[in-house]
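*Asks:* Residue numbers (numbering that gives the first Met the number 0): 0 to 556.
Backbone N, C-alpha and C define an ideal beta-carbon position, used for all residues, glycine too.
Since the model is a prediction, treat every value here as computed from it, not as a measurement.
Below is a structure I'd like to ask you about.
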Amino acid sequence: MPDSRTNVRTAAQLLVAELVAHGVDRVFCVPGESYLSVLDALYDERRIDVVTCRHESGAGFSAVTDAKLTGRPGIAMVSRGPGATNASIAVHTAQQDATPMVLFVGQVERRDRGKRAFQEVDYVRTFGDMAKYVVEVHDPARLSEAITHAFRAATTATPGPSIVVLPEDMLLEEVTGAVQGPQPRLVAEPAPQSVAEAAALLEKAERPILIAGSRLGSAEARQVLHRAAEAAGVPVLLSFRQQDLFENAHPLYAGHLGYMLPKDIVALYQESDLVLAVGTRLGDVTTQGYVFPTAPRPKQRLIHVYDDPAVLGAVFATDLAVLADPVAFLRSFAERKFAEPRRFAAWAERLHRVPAEMARWEPKQASDGVVFGAVIEGLRKRLGDDAVFVNDAGNFSGWLGRYFPFKPSHRLLGPVSGAMGFGVPGAVAAARRLGRRVITLVGDGGFLMTGNELATAIQYRLPVTVIVANNGSYGTIRLHQERFFPGRTIATELKNPDFAKLGEAFGAKSFRIDRNADIDAALDGALSAEGASLVEVRTSLDYISAFTTLSALSRKA
Ligand SMILES: Cc1ncc(C[n+]2csc(CCOP(=O)(O)OP(=O)(O)O)c2C)c(N)n1
0 MPDSRTNVRT AAQLLVAELV AHGVDRVFCV PGESYLSVLD ALYDERRIDV
50 VTCRHESGAG FSAVTDAKLT GRPGIAMVSR GPGATNASIA VHTAQQDATP
100 MVLFVGQVER RDRGKRAFQE VDYVRTFGDM AKYVVEVHDP ARLSEAITHA
150 FRAATTATPG PSIVVLPEDM LLEEVTGAVQ GPQPRLVAEP APQSVAEAAA
200 LLEKAERPIL IAGSRLGSAE ARQVLHRAAE AAGVPVLLSF RQQDLFENAH
250 PLYAGHLGYM LPKDIVALYQ ESDLVLAVGT RLGDVTTQGY VFPTAPRPKQ
300 RLIHVYDDPA VLGAVFATDL AVLADPVAFL RSFAERKFAE PRRFAAWAER
350 LHRVPAEMAR WEPKQASDGV VFGAVIEGLR KRLGDDAVFV NDAGNFSGWL
400 GRYFPFKPSH RLLGPVSGAM GFGVPGAVAA ARRLGRRVIT LVGDGGFLMT
450 GNELATAIQY RLPVTVIVAN NGSYGTIRLH QERFFPGRTI ATELKNPDFA
500 KLGEAFGAKS FRIDRNADID AALDGALSAE GASLVEVRTS LDYISAFTTL
550 SALSRKA
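Set out below in structure tokens:
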């Protein structure tokens with residue numbers, strides 16, 4: 000404990016005091032000898048919940064998910080060298096997902112730096128391309144400054160990861176300084192002129208589209224998006240993996256810019272004459288490989304609203320770049336009086352047919368297992384308007400995206416980075432934060448990457464339901480193989496353990512769906528289980544995605 004009379008404490012104790020001052024209430028970690036003193040300082044700090052994970056990628060993914068839910072930086076603590084490199088997948092995800100995260104990493108003693116000492120890594124070089132800010136603290140008197148800067152970098156402009164590196168011996172030194180705490184969060188209000196210009200461009204348009212991105216994830220932002228869309232009568236497309244931002248049944252819903260949309264759908268979107276992109280960086284997947292809008296010069300007029308000068312105008316020639324907080328922009332935009340918001344109704348109706356037709360579920364039978372859409376249909380019937388999903392990455396997730404009618408009261412959390420292994424640790428974090436059931440969909444491939452965090456769910460008694468779509472394959476890659484190298488399957492076949500038995504071994508109430516008739520009982524059992532539960536679904540490999548089958552592909556070939 001710090002000495003309360005003299006304010007003398009170790010740097011490790013100061014670090015924990017700074018975390019409290021920055022509003023941190025939870026850290027995800029795998030312990031390591033390099034930061035023992037920080038763990039010891041956490042022993043006395045009851046305001047911070049320490050969640051012990053089974054792999055640093057799990058701790059990192061949990062921190063990223065926590066941040067997606069709170070809007071504050073997710074915190075992970077990992078050991079030097081192997082711990083840090085294990086966590087790197089989450090650092091990359093935080094960067095790709097524009098999610099604030101602060102990763103604390105142990106380091107060798109200062110006198111050994113540069114000697115390739117045991118587990119030494121130069122993190123500035125290693126994480127330089129992925130993180131927004133990497134700092135190695137050698138002078139404990141500057142620790143507070145480094146932490147404040149790390150939080151500021153993680154939350155300013157495009158949110159992302161910061162790394163604070165902590166040499167073991169530095170953490171043990173005594174310091175006397177007071178806690179510095181956070182800087183005020185910067186919110187760039189839009190200039191009234193920009194909002195007026197955006198509205199004027201919209202008034203001139205015939206076929207506008209609003210593309211809403213991940214920065215509109217908060218509950219307030221979803222309401223503001225709804226208000227703005229209705230006020231202007233503008234159809235809404237959602238950026239990659241953000242299907243829960245806008246009511247999918249709303250007549251202004253135009254669809255989700257998911258992975259590689261069919262050409263005719265992209266062609267329809269290309270008929271637009273104005274794109275109003277708000278809170279999205281207009282990344283590779285969302286823009287269908289920089290095709291909609293087309294880089295560098297879009298066909299349509301482009302208004303881009305984002306609060307990072309590094310994003311605006313960097314890839315796309317932009318007619319109106321609005322350097323502003325996306326939510327603040329939409330708030331002002333929604334308050335404007337638009338002359339004829341019904342003017343775009345016929346255009347909106349054409350667009351809305353895309354997701355509406357796509358989402359129409361017709362039961363399908365396969366001879367080699369369950370068509371995963373039937374399980375999604377089972378979930379749709381059972382889950383309420385407040386369901387929380389955490390997706391792993393893989394083709395199985397396409398069934399949820401296609402057939403589940405999302406509302407803004409739902410949560411769909413998944414890695415925009417496409418990182419496999421996100422699902423189970425993400426669900427752990429979401430259940431810990433929300434205190435209620437969280438459903439995670441994972442493939443057999445992804446589950447064996449980080450499914451070990453099911454042990455964390457059990458340890459912390461978290462109501463996580465893991466649904467493993469087991470098609471005995473790295474299905475997504477198999478699909479690409481069939482498209483580009485037909486009939487030459489290599490490296491994608493998987494021989495799996497019995498996942499239901501594995502779930503039981505972890506202590507999760509487990510079920511198996513071999514055929515459609517098993518769906519009701521398995522889902523009822525899993526969703527009403529006391530704590531963690533697992534459902535293994537033996538899925539059809541032929542129905543390899545929600546959009547095509549292997550047999551259709553081989554006919555084409
Ligand atoms: C960490 C990581 N490794 C590799 C990949 C490349 N990859 C994308 S999807 C996929 C296969 C996913 O298989 P599975 O989890 O079984 O789901 P499925 O596609 O079969 O539904 C792979 C290997 C990735 N995205 N992330």
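Could you tell me the alpha carbon to alpha carbon distance between Pro-465 and Ser-532, rounded to whole angstroms?
*Replies:* In the sequence on display, residue 465 carries Val and not Pro. Computed Cα separation, rounded: 6 angstroms.
*Asks:* From the DSSP secondary-structure annotation, give me the bridge partner or partners of Asn-469.
*Replies:* Arg-537
*Asks:* Determine, using beta-carbon pairs with one atom in the stretch 193-207 and one in the stretch 30-43, whether at least three such pairs fall under 8 angstroms.
*Replies:* no
*Asks:* Would you report the Cα separation of Val-369 and Leu-461, rounded to the nearest angstrom?
*Replies:* Val-369 and Leu-461: Cα-Cα distance of roughly 28 angstroms.
*Asks:* Relative to ligand 1, what is the chain-ordered list of residues with a Cβ closer than 6 angstroms to any of its non-hydrogen atoms?
*Replies:* Ala-392, Gly-393, Asn-394, Phe-395, Gly-417, Ala-418, Met-419, Gly-420, Gly-442, Asp-443, Gly-444, Gly-445, Ala-468, Asn-470, Ser-472, Tyr-473, Gly-474, Thr-475, Ile-476
*Asks:* I'd like the list of long-range same chain contacts for Gly-603, defined as Cβ closer than 7 angstroms, with 5 residues on each side in sequence excluded.
*Replies:* An answer regarding residue 603 cannot be provided, because it is not within the stretch 0 to 556 covered by the chain.
*Asks:* So, are the CB atoms of Leu-540 and Asp-367 less than 9 angstroms apart?
*Replies:* Taking 9 angstroms as the Cβ cut-off, Leu-540 and Asp-367 qualify as a contacting pair.
*Asks:* Rounded to whole angstroms, what's the CA-CA distance from Thr-175 to Met-169? Just pull it up for me.
*Replies:* 14 angstroms
*Asks:* If you follow the alpha helix (DSSP H) that Ile-210 is in, where does it begin and where does it stop?
*Replies:* Careful: Ile-210 lies outside any alpha helix (DSSP H), inside the beta strand (DSSP E) at 207-211.
*Asks:* Who are Pro-404's beta bridge partners in DSSP?
*Replies:* The beta-bridge partner set that DSSP reports for Pro-404 is empty.
*Asks:* With distances taken from CA atoms, which of Pro-160, Ala-11, Thr-491 is nearest Pro-99?
*Replies:* Pro-160
*Asks:* Which residue marks the beginning of the beta strand (DSSP E) containing Gln-106, and which one marks its end?
*Replies:* 100-106
*Asks:* Quick one: what's got a C-beta closer than 6 angstroms to Ser-93's C-beta in the same chain, skipping five residues either side?
*Replies:* Rather than Ser, the amino acid found at residue 93 in this sequence is Ala. Contacts found: Val-63, Met-100, Gly-159, Pro-160.
*Asks:* Relative to the C-alpha of Tyr-280, which candidate in Ala-11, Tyr-542, Gln-95, Gly-444 has its C-alpha closest?
*Replies:* This sequence places Arg at residue 280; Tyr is not what is there. The shortest C-alpha separation from Arg-280 is found at Gln-95.
*Asks:* Would you list, in sequence order, the uninterrupted alpha helix (DSSP H) runs of no fewer than 4 residues that lie entirely inside the stretch 165-230?
*Replies:* 167-171, 191-203
*Asks:* Taking a contact to mean a Cβ-Cβ separation below 9 angstroms, would you say Phe-103 touches Ala-428 in this structure?
*Replies:* no
*Asks:* Indicate whether Pro-340 and Leu-273 have their beta-carbon atoms separated by less than 9 angstroms.
*Replies:* Against a cut-off of 9 angstroms, the Cβ pair of Leu-273 and Pro-340 comes out as no contact.
*Asks:* Please name the residue or residues paired with Met-410 in a DSSP beta bridge.
*Replies:* Looking at the sequence shown, residue 410 is not Met but Arg. DSSP lists Val-387 as partners of Arg-410.
*Asks:* Which full runs of the beta strand (DSSP E) of 3+ residues lie inside the stretch 450-524, going along the chain?
*Replies:* 463-469, 508-512
*Asks:* Terminal residues of the continuous beta strand (DSSP E) containing Ile-302?
*Replies:* 300-305
*Asks:* With a cut-off of 8 angstroms on the beta carbons, I'd call Phe-403 and Ile-375 a contact; round off their distance for me.
*Replies:* 6 angstroms
*Asks:* When you compare only the Cα positions, how much space is there between Leu-522 and Lys-508?
*Replies:* One alpha carbon belongs to Leu-522, the other to Lys-508, and they sit about 11 angstroms apart.
*Asks:* Report back the beta-carbon spacing between Gly-506 and Ser-61 to the nearest angstrom; my notes put them in contact at under 8 angstroms.
*Replies:* In fact, because the Cβ distance is near 19 angstroms, the residues do not count as touching under 8 angstroms.
*Asks:* May I ask which residues mark the beginning and end of the alpha helix (DSSP H) holding Glu-339?
*Replies:* Run containing Glu-339: none; DSSP gives neither H nor E here.
*Asks:* Report the partner residues of Phe-27 according to the DSSP bridge assignment.
*Replies:* Val-50, Ala-75
*Asks:* Quick check: the Cα distance between Pro-189 and Thr-154, rounded to an integer number of angstroms?
*Replies:* Inter-residue distance for Pro-189 and Thr-154 is about 18 angstroms (C-alpha atoms, whole angstroms).
*Asks:* For Val-534 and Met-448, what's the separation of their Cα atoms in angstroms?
*Replies:* 17 angstroms
*Asks:* Roughly how many whole angstroms lie between the Cα atoms of Gln-299 and Ala-231?
*Replies:* 18 angstroms
*Asks:* Under the rule that 16 or more other beta-carbon atoms within 10 Å means buried, what is Met-129, buried or exposed?
*Replies:* buried
*Asks:* What is the DSSP secondary structure of His-137, counted as helix, strand or coil?
*Replies:* coil
*Asks:* Can you name the residues that DSSP bridges to Ile-438?
*Replies:* Its beta-bridge partners are Phe-388, Thr-464.
*Asks:* Are Arg-436 and Leu-526 closer than 9 angstroms when you measure CB to CB?
*Replies:* Yes, they are a contact pair.
*Asks:* Output the distance between the C-alpha atoms of Ile-543 and Glu-361, rounded to the nearest integer angstrom.
*Replies:* 16 angstroms
*Asks:* Could you check which residue in Val-235, Gly-422, Asp-384 has the C-alpha nearest to that of Pro-354?
*Replies:* Val-235
*Asks:* Out of Ile-74, Gly-393, Glu-270, Val-120, which has the shortest C-alpha to C-alpha gap to Gly-445?
*Replies:* Gly-393
*Asks:* Going by beta-carbon coordinates alone, are Phe-395 and Gly-474 separated by less than 9 angstroms?
*Replies:* Yes. Within cutoff.
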